[in-house]
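In the numbering used here, the protein residues as written are 4 to 156. All residues carry an ideal CB built from backbone N, CA and C; glycine is no exception. Notes follow once the structure below has been shown.
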Amino acid sequence: MQVRAASWWRVPTRTTALSQWCHGCGKKVKKPLSERWHQCACGVGPVQRDLYSAFLAAYLDPRDPIPSCARYQAYWEGAEARLRAAHERLIQRAKEGQVLPRSLGLTRARVRLPKSSEEPPLEPVLHLQDEELEAWDEPLEPPLLEHGVLQFW
């Protein structure tokens, strides 16, 4: 596992509105807080709203924190499957009784409900290893973070 430290910076949530913005078409659509999935007519999604916002925030430029479609295209390929895998792992954590942020919409009681037929099947997670794509059998758990340090694998 490779670990690199990175700086923290605040994302201006009112001006970026990442949970309302789509990197595929650039449209900003106001959504109620109860809507937990991002899905756009341009073909992006469905993807869990908080995980999608985190993906968008990861590639913002601190000097120019306004999202742009071009900024995300290179990173999105493969990211959707990883975000779905992260969501599946969060569901598993909730089933195991771990308390998660309420904004994820994953209470222990809720994850015991039958799966919606609208949710897409989990795709394999791909990882670039020595310029070759490698698929993992199990969904990956996001790395744990220490205060002030970002970890990447």
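From what residue to what residue does the alpha helix (DSSP H) around residue i run?
i: ALA60; result: 52-61
i: ARG17; result: 16-19
How many whole angstroms separate the CB atoms of residue i and residue j, which I take to be in contact at a CB cut-off of 8 Å?
i: LEU86; j: LEU54; result: 5 Å
i: GLY3; j: TRP40; result: Nothing can be reported for residue 3, as the shown portion of the chain is limited to 4 through 156.
Which residue from the options puts its Cα closest to that of residue i?
i: GLY81; options: PHE58, GLY29 and GLU91; result: PHE58
i: GLY27; options: PRO70, VAL102, TRP40 and GLY100; result: PRO70
i: TRP12; options: CYS45, CYS25, LYS34 and ARG66; result: ARG66
i: ALA44; options: PRO35, TRP24 and SER56; result: TRP24
So, for residue i: in the same chain, excluding its five sequence neighbours on each side, which residues have a beta-carbon less than 7 Å away from its beta-carbon?
i: GLU83; result: VAL50
i: HIS90; result: GLN51 and LEU54
i: LYS33; result: GLN23
i: SER106; result: ASP53
i: GLN103; result: Note on identity: in this sequence residue 103 is Leu, with Gln being the wrong assignment. Closer than 7 Å at Cβ, skipping near neighbours: LEU93, ARG96, ALA97 and LEU109.
Kindly list the residues whose CB is nearer than 8 Å to the CB of residue i, restricted to its own chain and excluding five residues on each side of it in sequence; keep chain order.
i: HIS38; result: Before going further, note that residue 38 is Glu rather than His in the sequence given. So the list reads ARG52, once near-sequence residues are dropped.
i: PRO68; result: VAL14, PRO15, THR18 and THR19
i: ALA60; result: VAL14, THR19 and LEU21
i: LYS31; result: ALA20, GLN23, TRP24 and CYS25
i: GLN76; result: HIS26
Can you give me the Cβ contacts of residue i inside the same chain, cut-off strictly under 6 Å, excluding the 5 residues immediately before and after it?
i: CYS72; result: HIS26 and GLY29
i: GLY108; result: ARG39
i: SER10; result: none
i: TYR78; result: TYR62
i: GLN42; result: GLY48 and PRO49
Is residue i near the ligand FAD, judged by its Cβ being under 6 Å from some heavy atom?
i: TYR55; result: The ligand FAD is not part of the structure shown, which contains no ligands of any sort.
Unbroken stretches of the alpha helix (DSSP H), 4 residues or longer, contained in the segment 59-96: 72-79
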